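Going left to right, the sequence shown walks through residues 389 to 744 as this note's numbering numbers them. The C-beta atom is built at its ideal place from N, Cα and C for all residues, glycine as well. From a predicted model like this one, the values you see are computed outputs, not experimental measurements. Each remark here refers to the structure printed beneath this line.
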Amino acid sequence: MTEFQLTQEARQRLERIADLTNTPSPTGFTQIIMKKISDHLTAQGIEYQMTPKGGLLVSLAGNNTQEQRYVTAHVDTLGAMVRAIKPDGRLKIDLIGGFSYNSIDGNYCKIYGSRSGKDFDGTILMHQTSVHVYKEARNGERNQDNMEVRLDHEVHNPQDVAELGISVGDFISFDPSVQITETGYIKSRHLDDKVSVALLLEIIERVKTGEVALAHTTHFYISNNEEIGYGGNSNIPAEVVEYLAVDMGALGDDQTSDEYTVSICAKDGSGPYNLQLRNHLVDLCENGSIAYQVDIYPFYSSDASAAMKAGADVRHALIGAGIDASHAYERTHIKSIDATYDLLVAYLTQPMLSIN
């Protein structure tokens with residue numbers, strides 16, 4: 389087997405993803421990353437619209453202006469909020485998004501004082517962590533009662549914490565611990581869905597420079613509420629016929645998806661995706677020699693499924709890079725990222741299906 393070699397172009401694509409994952413954006417606290425993205429678009433001369441809900445919309449003209457496309461990726465991530473301040477000055481937390489407390493045990497974090505404007509370092513740990521003190525350290529349940537944030541500040545009681553500038557309702561982001569390997573992997577929290585956001589930004593830039601020609605006018609929406617279920621289900625123009633969510637492919641038992649292909653979703657927890665559009669995406673992969681897998685994600689929903697629940701009258705589909713260990717310490721490979729990019733370009737540059 390030939391050892392994989394990471395090219396300069398591939399490294400640049402991975403570094404853009406790493407930059408996004410290193411930018412905190414738990415759902416409800418996405419203003420920092422949205423400013424980063426909007427500043428970048430402004431510097432590129434690309435017009436955008438900030439929606440009242442906090443999303444970012446870029447609309448680009450294509451050859452067909454009558455039948456339009458809507459493509460989303462979400463920039464919001466898992467996170468937490470301060471639920472209560474404990475008598476000893478540690479913080480009780482409340483989760484944002486669907487994940488387990490086990491997956492954040494030992495994670496470094498930052499707390500953002502909503503009133504003070506300051507941020508603070510800490511570590512998420514089980515209260516009974518020390519094996520020299522607690523007999524339940526090894527098998528104690530990781531839950532809201534047992535997990536807490538240990539602040540990297542000298543605090544002994546709730547008054548100390550309040551004087552520091554932390555209060556109930558403040559947001560908490562998780563250190564992503566991102567790494568890029570010479571073998572082509574990127575390992576990090578929040579690859580869901582920073583991988584997809586990076587790819588959409590790259591395509592937007594290449595449309596602007598003329599390297600990619602859109603077959604249809606396309607609206608690129610960077611969603612900021614997907615992890616809690618209502619990201620890209622508004623701001624859909626009446627001319628939109630097809631809605632493509634670009635999110636992660638889920639890996640595990642009974643899944644065909646892997647870290648080296650683009651994953652095309654046939655069904656998730658919300659129900660089946662549009663069959664004709666799914667088959668069109670498969671045809672694009674087969675005709676373009678793009679490595680792909682078709683899969684069902686049993687405990688999953690996307691911005692596309694949220695749009696359908698909101699009553700959008702569109703054909704909807706979902707694709708994404710195959711990401712291992714979703715909602716924990718995730719990993720994918722540049723092969724999967726590249727395959728996702730190639731399918732996106734093939735889809736956006738070719739006409740829609742004619743469905744009677």
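Can you check whether the CB of residue j is closer than 7 Å to the CB of residue i?
i, j, result
"K609", "T460", "It should be noted that the sequence gives Tyr, not Lys, for residue 609. A contact, by the Cβ cut-off of 7 Å."
"G619", "D691", "yes"
"A709", "S724", "yes"
"H668", "R457", "no"
"V634", "S584", "yes"
"A727", "A679", "yes"
"V629", "E391", "no"
"N612", "A698", "no"
"I652", "V682", "yes"
"V543", "G477", "yes"
"N579", "Y729", "In the sequence as displayed, the identity of residue 579 is Leu instead of Asn. No."
Taking buried to mean at least 16 other C-beta atoms within 10 Å of its own C-beta, is residue i buried or exposed?
i, result
"M438", "exposed"
"R666", "buried"
"H715", "buried"
"K523", "exposed"
"F687", "exposed"
"N451", "exposed"
"V519", "exposed"
"D642", "exposed"
"G494", "exposed"
"E614", "buried"
"T411", "buried"
"D671", "exposed"
"D533", "exposed"
"I481", "buried"
"K582", "buried"
Residues in the same chain with beta-carbon distance under 8 Å from residue i, minus the five sequence neighbours each way, listed in chain order, please.
i, result
"S426", "Y436, M438 and L444"
"E403", "I568"
"C497", "A468, D509, G510, T511, I512, V537, I560, S561, F562 and D563"
"S502", "S555, G557, D558 and F559"
"Y717", "S491, S565, K575, S576 and R577"
Pop quiz: residue i and residue j are said to be a contact at Cβ under 8 Å. What is the actual Cβ separation, rounded to whole angstroms?
i, j, result
"L639", "I684", "That pair is no contact at about 12 Å."
"Q664", "L741", "6 Å"
"L732", "I591", "6 Å"
"I484", "P414", "5 Å"
"M514", "R526", "Their Cβ separation, rounded to whole angstroms, is 10 Å, which puts M514 and R526 out of contact at 8 Å."
"E593", "Q396", "Actually they do not touch by this definition, with Cβ atoms about 17 Å apart."
"Y631", "V702", "4 Å"
"H428", "G572", "About 25 Å; that fails the 8 Å criterion."
"L479", "L539", "7 Å"
In chain order, what residues of the same chain have a beta carbon less than 6 Å from the beta carbon of residue i, not counting five sequence neighbours either side?
i, result
"S658", "S689 and S693"
"G449", "Note on identity: in this sequence residue 449 is Ala, with Gly being the wrong assignment. Excluding positions up to five away in sequence, the list reads T605."
"S504", "G553"
"V470", "L479, V556 and D558"
"M535", "Y489 and M514"
Within the same chain, show all residues whose beta-carbon is closer than 7 Å to that of residue i, passing over the 5 residues directly before and after it, in chain order.
i, result
"V595", "L448 and L602"
"T430", "none"
"Y500", "F417, D507, D558 and F559"
"G637", "S645, S651, D683, G708, A709, G710 and I711"
Is the shortest distance between the beta-carbon of residue i and the beta-carbons of chain D less than 7 Å?
i, result
"R404", "The chain labelled as chain D is not found in the depicted structure, where only one protein chain is given."
(message) Runs of 3 residues minimum, wholly inside the region 514-593: which ones carry the beta strand (DSSP E) assignment?
(response) 535-539, 559-562 and 573-576
(request) Starting from the N-terminal side, write out each stretch of the beta strand (DSSP E) that is 3 residues or longer and does not extend beyond the region 433-494. (result) 444-448, 452-462, 467-473 and 479-484
(message) Give the list of continuous beta strand (DSSP E) stretches no shorter than 3 residues that lie fully inside the region 611-691.
(response) 628-634, 650-656 and 680-684
(request) With a floor of 3 residues, list each beta strand (DSSP E) that falls wholly inside the region 689-740, ordered by position along the chain. (result) 703-711 and 718-721
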